[in-house]
Every structure is written in C-alpha cells, then in structure tokens.
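Those sequence lines, one after another, are chains A and B. In this text, residue positions in the first sequence follow the numbering used here: the first is -12, and each later residue adds one. In this text, residue positions in the second sequence follow the numbering used here: the first is -12, and each later residue adds one. Glycine included, each C-beta is placed from N, C-alpha and C at the ideal position. In what follows, a single structure is set out as structure tokens and then discussed.
Number of protein chains: 2
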Amino acid sequence: MTGRLQPLRERHVLLGHGSGGKMSAELVQSVFLPAFENPILAALNDQAAVSVGGARLALTTDSFVVSPRFFPGGDIGRLAVNGTVNDLAVGGAQPLFLSAAFIVEEGLPVEELRRVAESMAAAAHEAGVQIVTGDTKVVERGAADGLFITTAGVGLIPPGRDLGPHRIRPGDVILVNGPIGDHGVAILTLRHEFDFGLSLASDTAALNGLTEAILSAGGGGVRAMRDPTRGGVAASLNEWAQAAGVQILLDEAQVPVRDEVRAVCELLGIEPYNVANEGKLLVAVAAEVASAVLAAMRAHPLGREAAVVAEVQEGEAGMVFVRTQVGGTRPLEYPSGEQLPRIC
Amino acid sequence: MTGRLQPLRERHVLLGHGSGGKMSAELVQSVFLPAFENPILAALNDQAAVSVGGARLALTTDSFVVSPRFFPGGDIGRLAVNGTVNDLAVGGAQPLFLSAAFIVEEGLPVEELRRVAESMAAAAHEAGVQIVTGDTKVVERGAADGLFITTAGVGLIPPGRDLGPHRIRPGDVILVNGPIGDHGVAILTLRHEFDFGLSLASDTAALNGLTEAILSAGGGGVRAMRDPTRGGVAASLNEWAQAAGVQILLDEAQVPVRDEVRAVCELLGIEPYNVANEGKLLVAVAAEVASAVLAAMRAHPLGREAAVVAEVQEGEAGMVFVRTQVGGTRPLEYPSGEQLPRIC
Chain A
-12 MTGRLQPLRE RHVLLGHGSG GKMSAELVQS VFLPAFENPI LAALNDQAAV
38 SVGGARLALT TDSFVVSPRF FPGGDIGRLA VNGTVNDLAV GGAQPLFLSA
88 AFIVEEGLPV EELRRVAESM AAAAHEAGVQ IVTGDTKVVE RGAADGLFIT
138 TAGVGLIPPG RDLGPHRIRP GDVILVNGPI GDHGVAILTL RHEFDFGLSL
188 ASDTAALNGL TEAILSAGGG GVRAMRDPTR GGVAASLNEW AQAAGVQILL
238 DEAQVPVRDE VRAVCELLGI EPYNVANEGK LLVAVAAEVA SAVLAAMRAH
288 PLGREAAVVA EVQEGEAGMV FVRTQVGGTR PLEYPSGEQL PRIC
Chain B
-12 MTGRLQPLRE RHVLLGHGSG GKMSAELVQS VFLPAFENPI LAALNDQAAV
38 SVGGARLALT TDSFVVSPRF FPGGDIGRLA VNGTVNDLAV GGAQPLFLSA
88 AFIVEEGLPV EELRRVAESM AAAAHEAGVQ IVTGDTKVVE RGAADGLFIT
138 TAGVGLIPPG RDLGPHRIRP GDVILVNGPI GDHGVAILTL RHEFDFGLSL
188 ASDTAALNGL TEAILSAGGG GVRAMRDPTR GGVAASLNEW AQAAGVQILL
238 DEAQVPVRDE VRAVCELLGI EPYNVANEGK LLVAVAAEVA SAVLAAMRAH
288 PLGREAAVVA EVQEGEAGMV FVRTQVGGTR PLEYPSGEQL PRIC
C-alpha cells in the first residue's frame, strides 16, 4: 500500500475526514476542489497567496474544536491565534490581522468565554498581530459542544519571497525546530485521564519570529516551510513528497522526541510522526544553507533543539521513508483514518 | 426603557446573545472588546478597514449555523458567501477573496456537503469573488448539528472612500433596497412547518453590484451602508443612531414589507423590523444625493422596490422612532433577546 490518494468512497463524513491525513485530503480532492476550482486553492497550501492593490497577501483560515478546551500549555483560544499566525508565517508572510468567529453552545459560562478571549488577546499580542473583526453565534444546548472558534488571517508577503513545495528538489535537507508530538500527546493524556506522573504540555506557540529568523539566515535557499499540525510530520512530509515529486528519507535517530511522548505513543501503538504539533516547523532548505539555517534556529528560543532530520532524494517520487534506528528502512505512510479526533 | 446597552448581567451565554440585538452587543462590549482592545475592532463595523502594503483592505468574518440548511431561495453555503461579500460591500470595499472553514458533524452525507460546496461556488462566481483557502474539521456525532460554515473575506477599499456611521448627520435620509423580513420569515415558516399556502423565499443575494451603483451615483454623499441581517432593520438603525449620536425617524408607510411577511409577523407577534434580511441594504445619504441614489438603486435588479424610509434628526441622540401609519410615533427598540435562533 502506498500513501497515494484514492477517490472518496465513503457516503457519509467520518471522523477520519477531519484527521488532516489521507482521508482529509481525499475529501478535499473529491468535494471542495472540484467545486471551488481555482489555481490558488488548488495549490493546497495552508495559506493562499493573492495580490490585492499591489500588495502580495497571504490568507488562511482554521476552525478549532479542540476538546478539552483548556490544557497544559494553552487553550482553544491560544491555539486559534497561534494556528492562524503559523499558517501565514510558514508561507513566508508577516502575519498582521486576524478575524475571530465564535460558535457558542447556549449555557457556556460567560467567565469561560472571557478567559478564552483574554488568552487570544495575549497570544495575539505576543505574535504581534491584531484581532480586528469578529462574529458570535449562539446555538441551542446540544447543537454544539461548548465552543468552536474559527480564525482567519491576513499577512503581507515581502517582495521576492517564493516558498512552497514546488521549490523542493533532490539534494535539499529538511529541519525541524524541536521535539515532535507534544501537543497531541498532551491532549490525549488529559482526555483519557492517564496518570503517568508526566508533565507534558502542548507546544502551542507563534512561529513567525522563528520563520523570519530562518528566512534571514537562509534567504532564497529556504524552499518551503510547514507546521505539522493535524496528521503530524507524516502528513506534511507526504504532502511535500507528492507535491514536489520527490522521495523524502527521514532519519529516525535525528528526530527529537521527548521520552514521555515516546512512552505514551508506544503504549497506545501510535507513531509520534502522526501526532499533531502546534509549535513545530518543518523547513526544507538547499543543502548549502542548511548549517546557517540550523544555527539561526538554534539561536531562537523556539528552535533550541532544532535538527536536520531528513533529506530529499530522487528515488521514488511521492514516497516518504524512515531510516530506522536499527539501520533498516520502512515507508512512512500518509496517516489514514482518525487516531486523535478534536486534537485542535 | 431605552435601547441603550447595559453591562452584561448573565453568567451563562444564552441564545439571545447570538441574536444580533441588544444582548449580542452587550456580550461583545463586555467580553470581546475589553480583551481585544484596539481602535479598529472598537469601531464595531461589520468589517474592519486596515492598511496592508499600501493597500486599504476590508476584512470580515461570519459563522453560519442556519437551521434548516436548505430553504427556498438558498442554503447555508449561499448564505455564507453572500453574507461575507455583503459585509465587505457595505464598507465600500470591492470583495475579492474568501476563506471557508467547515465544522462537520460525523455522519453528514457527503452528497450534502458537495451540494453546499457547489452552491458556495455558484454564489462566489455570481459575486465575482474567489474562495482561495479553507479548512475542514469533523466532530463526533452530537457535538455539532450537521454543518457550520465560517467564511472570512478580504476586499479592496478604493482610495477616497470613507463610509461609516461617523459620517451620518442630521438632515441625511436613509434608503432601503426592497421589502424587509423575507429571509427570517421564510426560515421561520419552514422551521415551524406553517402552511399558509405562501411562497416565501429568502432574499439572500450578493449586494456588491448594488453598492457600487450606489457609490457611483451618490459619491461622497453616501454616508454609510449596512446589511440588516440578525436583529433586522431595528438593530442596524439603533446602532447607527447610537454610533452617530443622532435620532432616526422611520416612516412606517414607506417601508416595503410583503403582505405574506406582514401576515406571519402579525400572527406571531413579531416586528418585521426585527427580522433578519440577507439581501437588503440600508443606505444613509446626504439629502441632496437622495434622488440620484434612489434612481440608481431602482435601476438595479436588487433595488427595484427601493424607497426612502427614514430621516436623520438631531432630536434625542441614540434613539430610533417609528412614525406609524395612523400618524403616531413610537420608539423602535434595539431588539432584545432571541426571537429567531439560528436564522443565519
């Protein structure tokens, strides 16, 4: 079995269609792309690049349905702001303005809504963006689960920046800014009330400072950036491999994973590569700028544990492989189905 | 009792906080404005005007939770596109790009999602906008009611345009482009399975062609535009009266209302002024351009029944009155509480 997409077979929407993995991609390819046909959407980046009045803008949106709404390291509000900031930043844009739309279930404590709003305001302040417009809808009890937030964002793409999987080519290397899997495992641990005596927190963070540092260090040698959220590193690398028509070889020994995350994943039989991150960045760069970019990442508070984790090869186009710690090689599939619903 | 806002007293969010009326405004004033404090949001227009890379942009967002999702004249998808197009257009912006985020309940038929996507695509095509980025989240059965859609939009504000309630002054007149209350009454009729033998349809429409015609005809004499959606004409006029510090006198005899809408409203004891519209426009203009603007509206397919319906007066700042058909005058309150939940 390969990671390649199939036509949608399901007649009803399943949780897996929201996984950020293969089923999500199949839903988008089958339902949304044919309807909204346009070259900007078809590029299927996490942000769209458009020209408005002479300015190059990036636009993005995400809904947040995370459960529970408060967790170690953050909450639904902080996630909503950082997630949208990051989708702009990985497109090379400087995030500027956000909108925030709230769907509230009747009965939600006003105090909780206030806490979420304050958390969003703090996250926006830290990221240097402004929340400038919004909307609130209230639905009757039972018609929503507490609170859903949809943020959209606008950023400015400075002249000359061109990032995206179309620029990835054999010989490039891929870096990550730190340990993977923290967000997903923190939520999972909380939701299932595991008590491992662990202190895991979500990694939610605004990455726009880090992306600017990377672009300063790597210049035109920076090919593409992605924040591996739903579907994890596995989904992002598979999307890159397919979009760029290359093979990617991930070196397991180089991928930072916290011991606690590894332990929970092993216990539950899941791959850290499939787990959502909310403050991690994959960066594909030309080999000649790799060490400069790595140094810039390590000099940034959100990149202290940065590492080169993968190389881009000709090989089998569209495939991702893992070089395991014992020296073998296995395919890293596009995550299929839903392992962690409502992780963000 | 006046229509003035009070501090929020409720400890839990109620349906009325999503009504688009007084309770909605109190929630925003109490929870969101203090947290997201910035002058752009504080203007509380349905769109934010910002400068990006030398271009003046309008940004807006709305969530759509309408029930049922399909109705005479439209569906949740068409509503989501037109609603966001209209929020940009009434700010004097030319709508350009939309994002669309879907929160789907597990089990929704894929075919229904496809119908909604196709309807959005058709509405976007008609309005001349492109849907360029999106997101899909799936929540488990019972955690949402079928499908919620959040659209956000970006438009370009041509140089020299300055619209908003700050420009409304005594002596101005207010026009509407056609009969009010159609959308809300169509949904209500359908939801309650009334059978009046009526053929009421939602008025959902993209108003950007009409707003451009109005701005061409009225130039700088066009003070402000609003699409009276949730909370209806009553909420929009009260917001204008308060924001501009003026009194508004609505002439009941001049307000177009279909006989069927009037009949349903009388039966249910609701005011057509409080009912949501999805293709209506209120325009405040200087008296000297009123006839030119009226003629331009009537020449447009969405303005054939346009009328001058109100005048702006010094009087009692922040108040709206209705001159009734029998010659009396009564206050038109800011709608309080929720009459028609999930109308959009």
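Between the options, which has its C-alpha nearest residue i's C-alpha?
i	options	result
glycine 115 of chain B	B:Val242, B:Leu281, B:Phe84	B:Phe84
leucine 95 of chain A	A:Gln81, A:Ile118, A:Ala297, A:Arg56	A:Arg56
threonine 48 of chain A	B:Glu199, B:Leu150, B:Gly121, B:Asn225	B:Gly121
alanine 111 of chain B	B:Ala80, B:Arg101, B:Leu281, B:Val72	B:Val72
alanine 36 of chain A	A:Thr137, A:Leu150, A:Gly8	A:Leu150
isoleucine 201 of chain A	A:Ala293, A:Val52, A:Glu99	A:Ala293
asparagine 69 of chain B	B:Val209, B:Thr123, B:Leu194, B:Leu289	B:Leu194
leucine 268 of chain B	B:Leu1, B:Gly171, B:Asp214	B:Asp214
leucine -5 of chain B	B:Gly5, B:His4, B:Glu13, B:Gly3	B:Glu13
methionine 284 of chain B	B:Gly129, B:Met212, B:Thr198, B:Gly206	B:Thr198
valine 15 of chain A	B:Ile27, B:Val97, B:Val52	B:Val97
glycine 207 of chain A	A:Ser223, A:Gln241, A:Glu275, A:Pro243	A:Glu275
phenylalanine 308 of chain B	B:Arg245, B:Gly129, B:Leu327, B:Ala222	B:Ala222
arginine 156 of chain B	B:Ala250, B:Ala273, B:Leu20	B:Ala273
phenylalanine 100 of chain B	A:Pro82, A:Arg154, A:Ser278, A:Val18	For clarity, residue 100 of chain B is leucine in the given sequence; the question names phenylalanine instead. Answer by Cα proximity: A:Val18.
glycine 305 of chain A	A:Leu224, A:Ile118, A:Pro146, A:Leu75	A:Leu224
Helix, strand or coil: which one does DSSP assign to residue i?
i	result
histidine 4 of chain A	helix
alanine 36 of chain A	strand
alanine 274 of chain A	helix
glutamate 320 of chain B	coil
threonine 48 of chain B	strand
alanine 353 of chain B	Outside the modelled stretch of chain B, which goes from -12 to 331, sits residue 353 of chain B, for which no answer is possible.
arginine 43 of chain A	strand
threonine 216 of chain B	coil
glutamate 226 of chain A	helix
leucine -8 of chain A	coil
glutamine 312 of chain A	coil
proline 82 of chain A	strand
alanine 211 of chain B	strand
leucine 268 of chain B	coil
leucine 194 of chain B	coil
leucine 175 of chain B	helix
How would you call residue i, buried or exposed, if buried means at least 16 neighbouring beta carbons within 10 angstroms?
i	result
valine 313 of chain B	exposed
proline 322 of chain B	buried
glycine 219 of chain A	buried
leucine 316 of chain B	Going by the sequence as given, residue 316 of chain B is threonine instead of leucine. The residue is exposed, with fewer than 16 neighbouring Cβ atoms inside 10 Å.
glutamate 333 of chain B	Outside the shown range of chain B, which is -12 to 331, sits residue 333 of chain B, and nothing can be said about it.
glycine 140 of chain A	buried
glutamate 92 of chain B	buried
glycine 8 of chain A	buried
threonine 176 of chain A	buried
glutamate 247 of chain B	buried
leucine 254 of chain B	exposed
proline 288 of chain B	exposed
alanine 188 of chain B	exposed
threonine 311 of chain B	exposed
glutamine 332 of chain A	Residue 332 of chain A is absent from the model: chain A starts at -12 and stops at 331.
glutamine -7 of chain B	exposed
arginine 375 of chain B	With chain B running from -12 to 331 in the structure shown, residue 375 of chain B is simply not present.
alanine 29 of chain B	exposed
arginine 217 of chain B	buried
leucine 291 of chain B	The sequence given here places arginine at residue 291 of chain B; leucine does not occur at that position. The residue is exposed, with fewer than 16 neighbouring Cβ atoms inside 10 Å.
Contacting positions in the segment 93 to 111 of chain A - beta carbon closer than 8 Å to chain B: Glu93, Gly94, Leu95, Pro96, Val97, Glu98, Leu100, Arg101, Ala104, Glu105, Met107, Ala108, Ala111
field: Selection of the segment 121 to 133 of chain B by Cβ proximity to chain A, strictly under 8 Å
entry: Gly121, Asp122, Thr123, Lys124, Val125, Val126, Glu127, Gly129, Ala130, Ala131, Asp132
- prompt: For the 8 Å Cβ check, are there 3 or more pairs between the segment 160 to 172 of chain A and the segment 280 to 300 of chain A?
  reply: yes
Contact residues within the segment 27 to 40 of chain A, judged by C-beta distance below 7 Å to chain B: Ile27, Leu28, Gln34, Ala35, Val37, Val39, Gly40
task: Pull out every residue of the segment -6 to 10 of chain A whose Cβ sits closer than 7 Å to any Cβ of chain B, in chain order.
output: Leu(-5), Glu(-3), Arg(-2), His(-1), Val0, Leu1, Leu2, His4, Gly5
message: Three or more C-beta pairs under 8 Å: does that hold for the segment 257 to 271 of chain A against the segment 168 to 178 of chain A?
response: yes
message: Counting only Cβ-Cβ distances shorter than 8 Å, please list the residues of the segment 63 to 89 of chain B near chain A, keeping chain order.
response: Leu83, Phe84, Ser86, Ala87, Ala88, Phe89
- request: Identify each residue in the segment 225 to 246 of chain B for which the Cβ-Cβ distance to at least one residue of chain A is less than 7 Å, and report them in chain order.
  value: none
message: Could you check whether the segment 228 to 235 of chain B touches the segment 129 to 145 of chain B, counting it as contact only if at least three pairs of C-beta atoms, one from each stretch, sit closer than 8 Å?
response: no
Selection of the segment 193 to 215 of chain B by Cβ proximity to chain A, strictly under 7 Å: none
message: With a threshold of 8 Å, are at least 3 pairs of Cβ atoms found where one atom belongs to the segment 119 to 133 of chain A and the other to the segment 122 to 132 of chain B?
response: yes
field: Contacting positions in the segment 277 to 310 of chain A - beta carbon closer than 7 Å to chain B
entry: none
task: Anything in the segment 130 to 161 of chain B with a Cβ closer than 8 Å to a Cβ of chain A? List those residues in chain order, please.
output: Ala130, Ala131, Asp132, Phe135, Thr137, Ala139, Val141, Leu143
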